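Peer 1:
Chains as they are written, first to last, in the UniProt record's numbering: chain Y, 1 to 500; chain L, 1 to 500.
1. Starting from the N-terminal side, write out each stretch of the alpha helix (DSSP H) that is 4 residues or longer and does not extend beyond the segment 164 to 246 of chain L.
2. Output the distance between the C-alpha atoms of residue 320 of chain Y and residue 99 of chain L, rounded to the nearest integer angstrom.
3. Is the beta carbon of residue 262 of chain L closer than 9 Å to that of residue 360 of chain L?
4. With a threshold of 9 Å between beta-carbons, can residue 301 of chain Y be considered close to chain L, or not?
5. So if I threshold CB-CB distances at 7 Å, which residues from the segment 455 to 488 of chain L count as touching chain Y?
6. Based on the DSSP secondary-structure assignment, which residues constitute the bridge partners of residue 263 of chain Y?
7. Around the Cβ of residue 499 of chain L, are there at least 16 other Cβ atoms within 10 angstroms (buried) or fewer (exposed)?
8. Can you tell which of Y:286, Y:426, Y:166 has the C-alpha that lies nearest to the C-alpha of residue 51 of chain Y?
9. Distance check for residue 486 of chain Y and residue 180 of chain Y, CA to CA, integer angstroms please.
10. Under the rule that 16 or more other beta-carbon atoms within 10 Å means buried, what is residue 305 of chain Y, buried or exposed?
11. Are the beta-carbon atoms belonging to residue 237 of chain L and residue 222 of chain L less than 9 Å from one another?
12. What residues from chain L crowd round residue 249 of chain Y, counting only those whose CB sits closer than 7 Å?
13. Compare the C-beta of residue 398 of chain Y with all C-beta atoms of chain L and state if any pair is closer than 9 Å.
14. Straight-line CA distance for residue 476 of chain L to residue 255 of chain Y?
15. Determine the contact status of residue 438 of chain L and residue 274 of chain L, defining contact as a CB-CB distance below 9 Å.
16. Between the C-alpha atoms of residue 108 of chain Y and residue 143 of chain L, what's the straight-line distance to the nearest angstrom?
17. Who are the near neighbours of residue 78 of chain L in its chain, counting only those whose CB is closer than 7 Å to its CB and skipping five residues on each side?
18. When the distance is taken between beta carbons, is residue 444 of chain L closer than 9 Å to residue 257 of chain Y?
19. Nearest chain Y C-beta to residue 370 of chain L closer than 9 Å, yes or no?
20. Since residue 323 of chain L meets chain Y, which of its residues come closer than 7 Å, beta carbon to beta carbon?
21. By Cβ distance below 8 Å, which residues in the same chain neighbour residue 377 of chain L in space, the five residues on each side in sequence not counted?
22. Can you list, in chain order, the residues of its chain whose CB lies under 8 Å from that of residue 344 of chain Y, leaving out five sequence neighbours each side?
23. Roughly how many angstroms separate the alpha carbons of residue 491 of chain L and residue 286 of chain L, rounded to a whole number?
24. Short of 8 Å in beta carbon distance, which residues of its chain neighbour residue 316 of chain L, apart from the five on each side in sequence? Order them along the chain.
25. Using CA coordinates, which residue listed in L:70, L:446, L:324 is at the minimum distance from residue 55 of chain L?
26. When DSSP labels each residue in this structure, what does residue 21 of chain L get in the three-state scheme?
27. Residues of chain L with CB under 7 Å from residue 238 of chain Y, in chain order?
28. Give the DSSP bridge partners of residue 461 of chain L, in chain order.
29. Cβ of residue 151 of chain L within 9 Å of Cβ of residue 128 of chain L?
30. With 9 Å as the threshold, decide whether the Cβ of residue 343 of chain L is near any Cβ in chain Y.
31. On the three-state DSSP scale, how would you describe residue 29 of chain Y?
32. With residue 81 of chain L as the anchor, note down where its alpha helix (DSSP H) starts and where it stops.
33. Using a C-beta to C-beta distance shorter than 9 Å, which residues of chain L count as neighbours of residue 387 of chain Y?
34. Can you tell me which residues form a DSSP beta bridge with residue 409 of chain Y?
35. What is the DSSP secondary structure of residue 481 of chain Y, counted as helix, strand or coil?
36. Does the beta carbon of residue 376 of chain Y come closer than 9 Å to any beta carbon on chain L?
So, in structure tokens, the structure goes:
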């Protein structure tokens with residue numbers, strides 16, 4: 001010990017020097033040398049290239065003319081799962097009836113399995129491969145179907161909703177498989193009609209309840225965003241009752257010079273009806289609509305106070321002058337545990353740039369109500385129809401008016417103390433060295449309610465989208481931070497789940 | 001005489017037989033052998049083919065991307081006038097400033113002359129070669145830019161407004177020239193920006209007041225429809241104050257799930273503002289807007305009682321259940337001598353088929369007021385802006401709102417006892433064997449007011465469109481009856497004018 005009395009000090013200095021070379025974030029992480037994370041970091045380029053290939057397929061399920069692209073997207077996904085060693089069934093779910101009465105085939109649904117060891121738990125993941133409509137002229141900075149990397153973000157339609165999230169999961173599986181470390185059996189349940197209401201899916205679940213879906217322990221939906229940079233685990237989602245109001249005043253569009261002052265214009269009626277839906281503060285004016293909303297429980301508001309969400313920063317990011325509610329808790333509750341109504345647009349009127357002096361003959365207003373527990377879509381439908389029909393009748397217009405509820409998706413809410421939520425929280429801490437936010441989604445994951453109702457298994461929404469991903473808007477993106485970190489999160493979640 | 005006592009009787013029977021072979025309509029016409037009419041009848045196929053060629057050029061002036069097509073249309077028109085022996089100047093009228101701040105060249109204006117004999121009167125004709133937007137998916141039965149003949153009608157964008165009308169005039173000139181019978185000097189003044197407000201035209205008229213426009217006796221505008229099968233000569237037109245209301249709530253479109261209940265939605269504000277414009281019966285709610293409307297003169301209502309217009313037939317043709325006014329006179333007066341307001345559509349919102357759950361960030365509502373003597377566009381602009389700004393301020397929305405009057409075209413009204421109106425009435429009687437209806441247009445012919453103000457010459461609107469031509473709508477058409485009869489009408493009018 002006397003030979004070299006200064007050694008311990010020398011070692012200390014040397015080690016201290018080495019420590020200074022290591023980036024701070026690694027120091028904070030409790031498992032800096034997690035092999036699976038290293039593997040994932042080493043394959044980032046490949047993951048981004050695959051996302052680029054998948055975004056390029058215009059799988060817009062709302063446009064019947066793009067049905068072939070949706071089908072192609074399902075095939076490409078199938079091929080990748082086969083590469084991972086999975087087995088895949090492409091389930092036929094019948095036909096879609098279009099507004100004009102024609103029918104076209106619905107895209108097949110992927111029912112895949114990877115592993116079936118008896119001693120391992122089985123997790124079923126749900127995701128979707130279809131996207132919302134997108135056109136560059138809507139205000140995109142770049143072509144929506146060409147993935148563009150800029151300032152740490154990956155821009156493109158579906159980058160976040162939901163191609164990026166499904167790919168993060170598939171890459172997590174690939175990394176675990178390649179490391180010979182897949183600790184669970186996995187089922188993959190991937191559809192192509194989510195953005196238009198998951199046509200045909202409920203019947204498929206019912207039909208496959210005792211076969212594909214029979215031996216499942218956990219269900220995870222990979223289609224939700226976080227509320228901030230901090231990962232969020234979602235235990236609830238609002239529903240969606242999507243309506244159209246169609247008003248027709250003449251057989252064909254008319255010139256506003258030749259006929260203005262002669263006809264009861266369809267647009268006037270539609271605008272009047274749409275204007276009767278909410279007040280200036282967004283409060284829904286449909287009588288009775290708030291009656292079924294679950295009352296606030298005793299400590300419920302506190303849940304929202306703890307969530308990481310910077311109101312002012314969000315406001316500034318969105319370019320919004322003022323939010324409808326001032327406090328963080330109020331705002332978050334109106335985002336996810338109270339209903340809201342949005343008017344999306346009008347079909348059949350002049351929507352181009354410039355001027356057109358037309359009296360549109362038939363116009364279709366579109367709006368939706370995000371409803372919450374315990375609002376039943378069928379009740380909402382009746383309330384909305386009764387109200388609008390009575391408003392229209394008050395107006396005494398001679399025009400034809402028809403209201404249709406196009407989508408009637410239920411809200412969903414579960415118990416966040418179930419075991420797989422613990423696994424997910426531990427995975428978040430391992431990957432991001434932070435406590436996850438426990439949140440409810442403002443959007444709709446109809447599948448959550450349906451799967452839980454039919455299968456009666458624990459269900460969790462573990463998405464990896466960012467709060468500002470602009471899903472459904474222009475310049476949709478996912479950050480590389482979320483995309484790669486999310487891949488690690490799925491891998492870690494499966495490891496944690498196996499060790500429960 | 002005794003040699004053949006039965007001869008007179010024989011001749012009578014023979015002539016009676018011959019008379020039976022002559023079609024009825026010729027018998028009713030006072031000038032059955034008018035050579036110019038025979039010439040025109042003999043060239044119908046050629047006239048229709050040329051209309052087909054011209055309709056195929058997509059000269060939509062509202063779409064900057066189609067500016068080259070408008071330019072091409074002007075070139076083709078120039079070439080035909082040169083063929084007729086005319087001289088043509090293509091007048092440069094400068095640039096158009098687009099909404100995004102960019103500028104693009106305006107299409108040139110045709111200033112042409114055919115003949116300059118000192119002993120002949122000079123008539124200046126105005127028409128336009130640009131068209132309204134048209135897409136087959138708007139509800140056209142056939143491609144809007146392919147002229148299709150069906151049941152005596154010629155369908156295609158611009159068939160009636162205004163390519164068909166200008167071509168009828170040019171063919172009338174061609175027929176008179178080929179018969180060596182052009183009895184007047186003709187000037188042709190043809191533009192390519194009428195459908196978007198005749199940008200740059202007023203300055204051109206001012207600049208050319210003492211040159212091209214200096215030695216004109218009469219001005220005729222060939223851009224109006226009749227009110228029935230009966231030809232109409234137009235002595236007045238409404239103006240057009242076209243407005244946009246732009247409301248912006250966020251930087252980009254938002255997902256209605258993620259943000260519904262958080263933001264003051266731009267669509268809600270816009271719908272509210274649009275709804276405040278008229279009541280259920282189309283009455284304009286902008287304060288003071290009716291104050292400047294010229295009061296009804298003593299016998300004015302009688303003018304409308306004599307016009308041929310079958311209210312029930314019109315209603316049925318349009319597929320309209322009920323008109324805003326019941327009596328023929330009331331309806332016609334609200335069509336052309338009282339103002340009306342039409343809402344045309346919304347730019348920036350979801351306008352496709354299917355469902356999109358978007359909260360549009362920036363929406364632009366478009367509406368226009370067809371104003372009448374003595375409503376000044378600048379006064380209308382102030383009234384509308386003041387009213388909407390006060391309504392918006394009442395709403396207390398934090399969003400940005402901006403109102404713009406994009407078009408401010410004046411109404412026009414003249415004295416229908418001027419000499420050229422007599423020539424036109426005589427021409428109508430010669431061609432159609434009927435008394436013309438003296439009418440006012442519900443639409444806008446901004447050029448009428450401008451030309452009259454600058455040149456101080458007698459101006460008449462002698463159009464040949466039909467009442468159901470659906471100009472600005474789907475399936476625009478002109479009937480062969482109007483197209484060919486209209487060609488004869490222009491030829492006869494010039495002959496009658498020369499004999500005044």
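All C-beta atoms, glycine included, are put in the ideal place defined by N, C-alpha and C. A quick note: this is a predicted structure, and the numbers were derived from the prediction, not measured.
Peer 2: From the atom records:
1. Annotation note: the segment 164 to 246 of chain L contains the following uninterrupted alpha helix (DSSP H) runs of length 4 or greater, listed N- to C-terminal: 201 to 207.
2. The alpha-carbon atoms of residue 320 of chain Y and residue 99 of chain L are separated by roughly 23 Å.
3. The answer is no: Cβ separation not under 9 Å.
4. Cβ-Cβ to chain L under 9 Å: no for residue 301 of chain Y.
5. Those residues of the segment 455 to 488 of chain L that come within reach of chain Y (Cβ to Cβ, closer than 7 Å) are 470, 471, 472, 473, 474, 475.
6. Per DSSP, L:323.
7. With fewer than 16 other Cβ atoms inside 10 Å of its own Cβ, residue 499 of chain L counts as exposed.
8. Answer by Cα proximity: Y:166.
9. Inter-residue distance for residue 180 of chain Y and residue 486 of chain Y is about 20 Å (C-alpha atoms, whole angstroms).
10. With fewer than 16 Cβ atoms within 10 Å of its Cβ, residue 305 of chain Y is classed as exposed.
11. Taking C-beta atoms as the reference points, residue 237 of chain L and residue 222 of chain L fail to come closer than 9 Å.
12. Here the neighbours are 320.
13. The beta-carbon of residue 398 of chain Y is placed less than 9 Å from the nearest beta-carbon of chain L.
14. Each residue's Cα considered, the two are about 10 Å apart.
15. Not a contact, by the Cβ cut-off of 9 Å.
16. Distance between the alpha carbons of residue 108 of chain Y and residue 143 of chain L: 34 Å.
17. 88, 90, 110.
18. Using a Cβ distance threshold of 9 Å, residue 257 of chain Y and residue 444 of chain L count as a contacting pair.
19. At least one CB of chain Y lies nearer than 9 Å to the CB of residue 370 of chain L.
20. 262, 263, listed in chain order.
21. Around residue 377 of chain L: 239, 241, 371, 405, 408, 409, 410.
22. Excluding five sequence positions before and after residue 344 of chain Y, the CB atoms of its chain that fall closer than 8 Å to its own CB belong to 366, 367, 368, given in chain order.
23. So the alpha carbons of these two residues sit roughly 46 Å apart.
24. Within the same chain, residue 316 of chain L has no close Cβ partners at all.
25. With distances taken between Cα atoms, residue 55 of chain L lies closest to L:70.
26. Residue placement at residue 21 of chain L is poorly supported in this model, since its pLDDT is 40, which falls under 50; the coordinates are not used for a value here.
27. Residues of chain L passing the Cβ test: 257.
28. In DSSP, residue 461 of chain L forms a bridge with L:221, L:234.
29. Taking 9 Å as the Cβ cut-off, residue 151 of chain L and residue 128 of chain L do not qualify as a contacting pair.
30. Interface residue, yes.
31. In this prediction, residue 29 of chain Y scores a pLDDT of 41, lower than 50, which makes its location untrustworthy; the coordinate-derived value is nonetheless stated afterwards. Coil at residue 29 of chain Y, not helix or strand.
32. In this chain, the alpha helix (DSSP H) harbouring residue 81 of chain L covers 67 to 83.
33. Below the 9 Å Cβ cutoff, chain L contributes no neighbours of residue 387 of chain Y, its closest Cβ being approximately 16 Å away.
34. In DSSP, residue 409 of chain Y forms a bridge with Y:240.
35. Looking at residue 481 of chain Y - three-state DSSP - the assignment turns out to be helix.
36. No, residue 376 of chain Y does not count as interfacial toward chain L.
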